[in-house]
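Report on the structure given below.
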């Protein structure tokens, strides 16, 4: 009985470790993708501006954006540069 419990706990903790490892790998993959291209919703969350405001700015060319099919995409590095430029322009 004691051996069964020990094996149970070993399996249990092994499964938790494996799950956490996979989650960290998925997060790293997500972070790599987010370092390059962002969706409309991700830019909205990143800048803390409503989705409709980001959409309108993209449509009017006021924010660096690319239309891929029917979807808007944004390069994170360009968004960061744009924010810095907005800050300088408002001084």
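In my numbering, the protein residues as written are 145 to 235. From the three backbone atoms N, C-alpha and C, an ideal C-beta is built for every residue, glycine too.
Rounded C-alpha distance that separates residue i from residue j
i           : j           : result
residue 218 : residue 233 : 21 Å
residue 184 : residue 156 : 40 Å
residue 195 : residue 167 : 28 Å
residue 215 : residue 200 : 13 Å
residue 186 : residue 162 : 29 Å
residue 210 : residue 235 : 28 Å
residue 191 : residue 204 : 18 Å
residue 158 : residue 150 : 12 Å
residue 230 : residue 154 : 55 Å
Burial state of residue i, where buried means 16 or more other Cβ atoms lie within 10 Å
i           : result
residue 182 : buried
residue 212 : exposed
residue 227 : exposed
Test item: CB-CB of residue i and residue j under 8 Å
i           : j           : result
residue 208 : residue 223 : yes
residue 220 : residue 180 : yes
Three-state secondary structure (DSSP) of residue i
i           : result
residue 206 : coil
residue 192 : coil
residue 235 : coil
Beta-bridge pairing of residue i - partner residues as DSSP gives them
i           : result
residue 219 : 181
residue 225 : None; residue 225 has no bridge partner.
residue 212 : 215
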